[in-house]
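Novice: Counting in my numbering, the sequence shown runs from 250 upward without gaps.
Please find one structure pasted underneath; my questions will follow.
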Amino acid sequence: MSTPDRRPVRSPRDELVDQTPVGGIYLRRLVRAQLTLSLVSLVAFGGLLGALPIALYVVPSLSSAAVLGVPWAIVLLGPPVFLVLLGVGWLYARRADALDEAFRDLVHDDRP
């Protein structure tokens, strides 16, 4: 009867500190998640911002319309763009913090 291998269980923190291949996988997954979040945020903001000139081109009556003497195009490209930028930034910051917190929880060492 053979005895089972009794290697100590390594925590994710040990893998990162010792720079093992498994630790590299943890870091690559974190970086990939951060990059994905950045690209999604960029596409969301760019898509919304890029849709405004396309809408003005496709619907020419928007270019000539005015709201309180201000051209509709200026109204669309003014405050709404900044509100969208703030919203995307706020969501990005929340999600980035959640990713970092999840990674910290993963590598947190509970040993005394």
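The beta-carbon is built from N, C-alpha and C at its ideal position, and this holds for glycine as well.
Is the CB-CB distance between L334 and F294 below 9 Å?
Specialist: It is a contact, given that the beta carbons lie within the stated cut-off.
Novice: Helix, strand or coil: which one does DSSP assign to V319?
Specialist: Here V319 sits in strand by DSSP.
Novice: Less than 9 Å between CB atoms is the rule here; does L284 satisfy it with respect to chain C?
Specialist: Judged by its chain identifiers, the structure shown contains no chain C, having just a single protein chain.
Novice: Taking Cβ positions, are S313 and P302 nearer each other than 9 Å?
Specialist: Their beta carbons are not under 9 Å apart, which means S313 does not touch P302 by this criterion.
Novice: Going by the CB atoms, is the gap between A304 and L298 shorter than 9 Å?
Specialist: No.
Novice: Give the single residue among A345, V330, P329 whose Cα lies nearest to the Cα of V289.
Specialist: With distances taken between Cα atoms, V289 lies closest to A345.
Novice: With DSSP run on the structure shown, which of helix, strand or coil describes A314?
Specialist: The answer is coil: DSSP assigns A314 none of H, G, I, E or B.
Novice: For L284 and L348, which I take to be in contact (beta-carbon distance under 8 Å), what is that distance rounded to the nearest angstrom?
Specialist: 11 Å between Cβ atoms; not a contact.
Novice: So, are the CB atoms of F352 and L279 less than 9 Å apart?
Specialist: Yes, the pair counts as a contact, with Cβ atoms nearer than the cut-off.
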